[in-house]
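Going line by line, the protein sequences match chains F and R. Numbering of the first sequence is given in the working numbering, commencing with residue 1 and proceeding in unit increments. Numbering of the second sequence is given in the working numbering, commencing with residue 225 and proceeding in unit increments. No residue lacks a Cβ here, since even glycine has one placed at the ideal position from N, Cα and C. For clarity, every value in this text was computed on a predicted model and none was experimentally measured. Reading through the structure tokens given below for one structure.
2 protein chains.
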Amino acid sequence: MKILVVDDDRDLLELVAFALAQAGFGVVKAMDTRAALATFDAELPNLVILDINLPSGSGLDVCRAIRERSTVPVMMLTVRSEEEDLVKALEIGADDYLTKPFSPRTLLARVRALLRRAGLEAGDALAAGSLRLDLESHSLRIGDEASIRLTRLETRLMQLLIAQAGKVVSAERLLAHVWGQRGSGDRQLLKQLVHRLRQKIEPDPAAPRYLHTEPGVGYRLGAD
Amino acid sequence: MKILVVDDDRDLLELVAFALAQAGFGVVKAMDTRAALATFDAELPNLVILDINLPSGSGLDVCRAIRERSTVPVMMLTVRSEEEDLVKALEIGADDYLTKPFSPRTLLARVRALLRRAGLEAGDALAAGSLRLDLESHSLRIGDEASIRLTRLETRLMQLLIAQAGKVVSAERLLAHVWGQRGSGDRQLLKQLVHRLRQKIEPDPAAPRYLHTEPGVGYRLGAD
DNA sequence: CCGGACGGTTACAAAGTGGTTACGCCGCGC
DNA sequence: GCGCGGCGTAACCACTTTGTAACCGTCCGG
């Protein structure tokens, strides 16, 4: 279970991250809005904890941007004086909030409650149709077949496709997820990766059964 | 299982020591930084509980000194007002913390969690499949064969692999477990250790039967 | 028709990963 | 002091993964 924590106060960030890690959660960190969104795209966390006031633009903007691409639970951190912001945050789609200062114990209780509410408690088993992806071992299982070993990049590609199974995912978004900043605009990278992945997972790579092309848009994982 | 407790407050020290002894742990005590390090070297405890503010220099210094010579789990004791110190402690390499006041029950739960995480919980015998590892004597037994003597590092490696038998363990995690902070990022260290271990335990080191490589991820102990 | 955009494919180069050999340092018992 | 085991470091090799370029067909608007 992976949690993204966004806060510009390094001490608080580390403390929250540590408390979560202690409790067995995977943690990724970001200290400004740009890094927050980049990390979100790269890591696809199961939950986001977001300080409402960041120096580089508001945490509200980050929350809004996240809501445009995902329904992941979002928890906002606020200080008491920001109650109007809080209302806005909940309107935008934040799921819960915590008023500073708070104890790690409270934080954990709220996080668990959110995850339970989102029905995400059980592991990170990432699956769609007959496809099951194991992020730990970089392996993909199709139905009852022997599992296929994927490379690092192939795993990241499948991760986003499975998370969005059945929906078209734009080439731009896939590039950002797999390569981050660097791959931006480079269709050839994606073309190659898709080709190589199809060779591995498709019974007939020329007539894809799982990884479909949506001309002019991007790719889509067949819901089967 | 031996635990070192360091605190200048005699009452608290005795209370903690009593709770631990009650739960069946061996306890050694120290009341200042000098005694703490001397006792650590003399007793080589399996876990250290360390008050963060000692009159004779900070508990942080003690923690740092311990980290220079060992990856033993360290738990810090703090009061709520010392949160910056806490962040420093975690950076230095402390593994957990407890905010005073705390109940003996909480203390024990945390101590057990730490030991479990370090893979030190169940007696001294760890086993998986036909492999049995004796942490005391640093020896490994495969089925009914004569037991093989392992070095200190080889033992630590096997310890984590056996604890996670059948599952892939990332190179990063193995490095952290065997070398602590210092080994971070150094693949060559792990490469060598695995090589040497395979020479000792594998019938055919070129085609490993127990210690399998998971390319791009880490290693896995065959469930056999 | 022509030409360009686009996606798939082939080919090859560059970078990374893991296994192996070799060597040097250090602490320790003899 | 010497030899030795344990460990760190570097270098080499084979292989895999990833990046880059070029070529091919199809589709489509002029």
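- Contact with chain F is absent for R/V272, since none of that chain's Cβ atoms lies less than 8 Å from the residue's Cβ.
- In the DSSP assignment, F/G218 falls within the beta strand (DSSP E) that extends over G218 to L221.
- The segment 17-33 of chain F and the segment 43-59 of chain F touch, with three or more beta-carbon pairs separated by less than 8 Å.
- Proximity of R/G440 to chain F, defined by a Cβ-Cβ separation below 8 Å, is satisfied.
- DSSP places F/M75 within a strand segment (E or B) once states are collapsed to three.
- DSSP, reduced to helix, strand and coil, places F/G129 outside both helices and strands of the structure shown, so it counts as coil.
- Close partners of R/D320 in chain F (Cβ separation under 8 Å): Q22.
- Note on R/D235: under 16 other CB atoms within 10 angstroms of its CB, so exposed under the neighbour-count rule.
- Boundaries of the beta strand (DSSP E) harbouring F/D51: L47 to D51, taken from the DSSP string.
- Assignment of alpha helix (DSSP H) within the segment 385-444 of chain R, counting only whole runs of 4 or more residues, yields 395-403 and 411-425 in chain order.
- Secondary structure note for R/D320: its beta strand (DSSP E) is the uninterrupted segment D320 to K324.
- Sorting R/C287, R/R293, R/L331 and R/M225 by C-alpha distance to the C-alpha of R/L237 places R/L331 at the top.
- One alpha carbon belongs to R/L421, the other to R/E378, and they sit about 6 Å apart.
- Under the three-state reduction of DSSP, F/S81 is assigned to helix.
- Chain R has a Cβ within less than 8 Å of the Cβ of F/S137.
- DSSP places R/L359 outside both helix and strand once states are collapsed to three, so it counts as coil.
- Check the Cα spacing between R/A260 and each of R/D233, R/V229, R/L314 and R/K415: the tightest is with R/V229.
- The alpha-carbon separation between R/G283 and R/A333 amounts to approximately 22 Å.
- For F/E154, no CB of chain R lies under 8 Å from its own CB, so it is not counted at the interface with that chain.
- Residue-level contact check: R/L314 touches chain F, since one or more beta carbons of chain F fall below 8 Å from its beta carbon.
- The beta carbons of R/L355 and R/I366 sit closer together than 8 Å.
- In this structure R/G248 is exposed. Its beta-carbon is surrounded by fewer than 16 other beta-carbon atoms within 10 angstroms.
- One alpha carbon belongs to R/L338, the other to F/A146, and they sit about 37 Å apart.
- For R/V392, the neighbours in chain F by C-beta distance under 7 Å run, in chain order, E136 and S137.
- Residue environment: F/T33 is assigned as buried (16 or more neighbouring CB atoms within 10 Å of its CB, all protein chains considered).
- Under DSSP, F/V62 takes part in no beta bridge, so it has no partner.
- Around the CB of F/R156, 16 or more other CB atoms lie within 10 Å, so the residue is classed as buried.
- Contact between R/L278 and R/D232 holds: CB atoms are separated by about 5 Å, below the 8 Å threshold.
- Counting along the chain, F/L20 sits inside the alpha helix (DSSP H) bounded by residues R10 to Q22.
- DSSP lists R/L364 as the bridge partner or partners of R/I372.
- At least one CB of chain R lies nearer than 8 Å to the CB of F/L15.
- Contact between the segment 174-185 of chain F and the segment 55-75 of chain F is absent: fewer than 3 CB-CB pairs across the two stretches fall below 8 Å.
- According to DSSP, F/V111 shares a beta bridge with no other residue.
- Chain R has no Cβ within less than 8 Å of the Cβ of F/F40.
- Rounded to the nearest angstrom, the gap between the Cα atoms of F/L44 and F/E84 is 29 Å.
- Boundaries for R/A342: no beta strand (DSSP E) harbours it, and the DSSP string shows neither H nor E there.
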